[in-house]
Amino acid sequence: MASDFIPIAHLDDLPPGSCKSIETNDLGIALINLDGQIFALDNTCPHAGGPLGEGSIEGEYVVCPWHGWKFHIPTGVCQKNPTPSLNVPCYEVRIVEKSIQVSLPTQPS
Ligand code: FES
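Positions -15 to 93 (this note's numbering) are the ones given, in order, by the sequence shown.
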């Protein structure tokens, strides 16, 4: 599937150890700075729709703010039950002159 990189945040607004929710192109993104490396996961928790970007970071996991499910930040794998339907999609990230850009799937036409 083709994709485009879209600027969604500035690197200075996402210090190491932080995360935030971003809405762009009708898609929610959980943007996470894990020890200086930026990751973008789908923002919607597969349990009941909690906003992962408003959660907390524990080691390599983001913790959903609603009921505490944990997802591996680099892979999106659900720690509680690592089945494909409970993992969250991850999006490719690149940094261009401190602009955080995320590769989002192209909408089908
Ligand atoms: S909605 Fe995320 S753990 Fe329940």
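Glycine included, C-beta positions come from ideal geometry on N, C-alpha and C.
The structure displayed is predicted, hence computed values, not measured ones.
Can you tell me the Cβ-Cβ gap for residue i and residue j, rounded? I've got them flagged as a contact below 8 angstroms.
i: D26; j: P73; result: 5 angstroms
i: S83; j: H(-6); result: 6 angstroms
i: I13; j: G39; result: Actually they are not in contact, since the Cβ atoms of I13 and G39 sit about 13 angstroms apart, beyond 8 angstroms.
i: P35; j: P58; result: About 20 angstroms separates the two Cβ atoms, so there is no contact after all.
Using CA coordinates, which residue listed in the options is at the minimum distance from residue i?
i: Q21; options: G1, P66, C62, C48; result: G1
i: E7; options: I(-10), L18, N17, Y45; result: I(-10)
i: L18; options: A32, H31, D10, C3; result: C3
i: G43; options: L15, H56, A32; result: H56
i: H51; options: L15, Q85, C29; result: C29
i: H31; options: S5, P66, D10; result: P66
i: P(-1); options: I16, V86, S5, I(-8); result: I16
i: F23; options: D10, N9, S5; result: S5
Within 10 Å of its beta-carbon, does residue i have 16 or more other beta-carbons around it, so buried, or fewer, so exposed?
i: V80; result: exposed
i: G33; result: exposed
i: K54; result: buried
- prompt: With distances taken from each beta carbon to the nearest heavy atom of the ligand FES, which residues come in below 5 angstroms, in chain order?
  reply: C29, H31, A32, G34, C48, W50, H51, W53
- request: Let me know the beta strand (DSSP E) ranges lying completely inside the segment 30 to 83, each 3 residues or longer, listed in chain order.
  value: 40 to 42, 45 to 47, 54 to 56, 77 to 80
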